[in-house]
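Below is one structure, written out as C-alpha cells; the observations come after it.
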Amino acid sequence: MRRWMCCLVTLMCTSATLSATPGHPRAEQQALELAKQAIALRSVRGPGNQTPQVAALFKSALLAGGFAERDITVTPVDDTAYLIARWPGTNPKLKPLVISGHMDVVEAIPADWQRDPFTPVLENGFLFGRGASDMKLDDTLAIAALLELKRQGFRPRREIILEFSGDEETTMKTSAIIAKELSNAELVLNVDGGGGLLDQDGKPVYLVWEGAEKMDVDFELTVTNPGGHSSAPREDNAITRLAAALVKIGAYKFKPELNDISRGYFTEAARFEPPEISAAMRAFAADPDNTQAAAVLRANPSYVGRIGTTCVATMLSGGHALNALPQRATANIDCRIFPGHPPAEIMAELERVAADPAVQFKDVTVGSVATDASPIRQDLVTAVTKAIRLGYPGVPVFPSMSSGASDSMWFRHENVPSYGVSPMFIKSSDHFSHGLNERAPLADIAPSITYLLSLVADLSK
Ligand SMILES: [Zn+2]
C-alpha cells in the first residue's frame, strides 16, 4: 500500500534542490532492469498468480550478487510465496535489521489502461506499469542497494534480513507469517510507506517517514424483527430502528487525539500550508483539546483522519419484500481506529452512541490487528535524514501517520518498531498507485540508491 499524505494548496517555502552527487550506475541499472522484469510478471492474487516467479527472480538476483543459497528461503503459501534473505552480521548478539517489501500488486484491467499494465514502458522520464510505484521498483532498489554494499565490501555488524511478502494487497497471510518469524528484529525499514513530495515544478518539498498506522475495522449492525404484513405496521420496525442508530453514529465525533508521530507531523507540515490550516495544525499540536483547531482540521478531507478515530456507515441492506414488514436490517460501519485503542473499546463506544439494545453489534473485521505507534527513535530519524539529504540537500524530513494498513501493522503487532521509509519522490498529480497508468519517476532511482546505501549501512553497523 502506498498513500500520500499531502494536499498542499500552496507550497510556501522550499529550499531543497536535487543534488548532483555521483551515482552508482551499476546498482541503478540493476534496480531498473529487475523492476521491469518484475512488472512483466502478473503477481495478482487468483488464477495465474505469478508472485512465486517474482520471488524466483529476486532470489536469482540475490544469489548472483553474492547471497548464499542457504541464506535465502522462498516459501509457497496458497497461490503465492514469500521470500526471506539473510545477510549474517559480524556480531550475532545484535538483533537483526529487517528491510520489508511486498511482491504482489493490485489487479489491473488492461482494457482500462493506456498501456498494458504488465508490460513495462519507459516514457517521458517514467517507468509505467502495475507495481511501478507500489512497489516493485522499491523492492528492486532495496535488492540493488544491498548488492552494491556487498560489492563495496561492506560487512554489517547487525544481521540484515530482506523480506518480501506475497499478499500484502489482499489477505496479508504471508505478512503475518513473516512478522511472527522475524519478531526478534531490532527494527523494520518498510520501503512501502512514507516518501517524498515534489511540487508542480518537480522540486522536492519534504519527505515523511511513517511511524504509525490507523487500524481498519468493520462492525456489522443488525436489527431483527418478527415482521408481518405492511398493511398492519407495528411500532417497532427493523429498518427505522437501524436508521435511527445510524443517524446518531453519523453525527458522532470521536475525541480528537494526538501522539508523538502526529504531533511531529502537524508541527512540521504546518510550514507548507495556507494560513488557516497552518494555524489550526500548530494549535492542535500544542493542545488536542482545542476544539476550534480540531474543527478546522476535521472539515478538511486530508486531515480528518489524522486527528482521531473515525467511523462511517459504508453499506446498508434491509427488508425482503415491498409489502412486508422487514424482518432484518443490517449496516456496515467502517472505522479507522487511532493507534492504541482495541476494537472492542471503539465498538462499546458506538453501542453507547446508538443507545438501543435492539441494535446488535458484531466485529466482522478481517485481516487487521491492533497496533500502537512505533516510538520516534533517534537513530532512525538521524539515519533517514542524513541519507535523504545526500540526494536532496536540506529537504525537510518529518514523521507521519498513515490512515491505511501495510506490512508494518504485523510487525508493530509483534512489538517490533516498524517505519515506512520509501525514498521515492513524486508529484501528487503523478501518483497513481492502485490506479490506472501507475508510474514511477526514473529520476528517483539514483538518489534512492544513494539513500538506501547510507540508511542500511548506518542502521546495521
Ligand atoms: Zn504497497
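Counted the way the numbering used here counts, the sequence shown spans residues 1 to 461.
All C-beta atoms in this analysis are idealised placements derived from N, C-alpha and C, irrespective of residue type, glycine included.
None of these values were measured; they are calculated from a predicted model.
Asked                                                                                                                  : Found
Among 293, 288, 195, the one whose alpha carbon lies nearest that of residue 275                                       : 293
Inter-residue spacing [alpha-carbon to alpha-carbon] between residue 243 and residue 355                               : 13 Å
Rounded straight-line distance, which links the Cα of residue 190 to that of residue 162                               : 10 Å
Touching by the beta-carbon criterion (3+ pairs, under 8 Å), the region 90-101 and the region 168-185                  : yes
Boundaries of the alpha helix (DSSP H) in which residue 378 is found, first to last residue                            : 378-391
Beta bridge counterpart(s) of residue 439 as assigned by DSSP                                                          : 128
Residue 135 CB to nearest heavy atom of ligand 1 below 8 Å                                                             : yes
Closest residue to residue 302 among 325, 268, 316, 277 (Cα-Cα distance)                                               : 277
First and last residue of the uninterrupted beta strand (DSSP E) at residue 86                                         : 80-87
Integer Cβ distance of residue 39 from residue 59, believed to fall under 8 Å                                          : Not quite, the Cβ-Cβ distance comes to about 17 Å (not below 8 Å), so this is no contact.
From 215, 168, 27, residue whose alpha carbon lies closest to that of residue 365                                      : 215
DSSP-derived helix/strand/coil call for residue 317                                                                    : strand
Validate contact between the region 218-226 and the region 327-345 using beta carbons, cut 8 Å, 3 pairs                : yes
Exposed unless 16 or more other CB atoms sit within 10 angstroms - verdict on residue 205                              : buried
For residue 278, the first and last residue of its enclosing alpha helix (DSSP H)                                      : 275-286
Spatial neighbours of residue 126 in its chain, beta-carbon cut-off 7 Å, leaving aside the 5 residues before and after : 439, 440, 441, 442
Any non-hydrogen atom of ligand 1 within 8 Å of residue 210 CB                                                         : no
Residue of 260, 42, 298 minimising C-alpha distance to residue 286                                                     : 260
Coil, strand or helix - residue 303 by DSSP                                                                            : coil
Close beta carbons around residue 198, own chain, < 7 Å, minus the five adjacent residues each side                    : 204, 205, 425, 426, 427
Neighbourhood of residue 313 by C-beta, 6 Å cutoff - its chain only, sequence neighbours within 5 removed              : 246, 331, 333
Same chain only: Cβ atoms within 7 Å of residue 157, ignoring 5 sequence neighbours per side                           : 89, 90, 91, 94, 460, 461
Candidates 29, 169, 153, 381, of which the one nearest residue 192 by Cα                                               : 169
Classification of residue 103 by the beta-carbon crowding that lies within 10 angstroms, buried from 16 upward         : buried
Contacting residues, own chain, Cβ-Cβ under 8 Å from residue 429 (five flanking each side not counted)                 : 200
Which listed residue (120, 400, 435) has its alpha carbon closest to that of residue 420                               : 400
Distance between beta carbons of residue 423 and residue 196, contact taken as under 8 Å                               : 7 Å
Rounded separation between residue 449 and residue 28 - CA only                                                        : 7 Å
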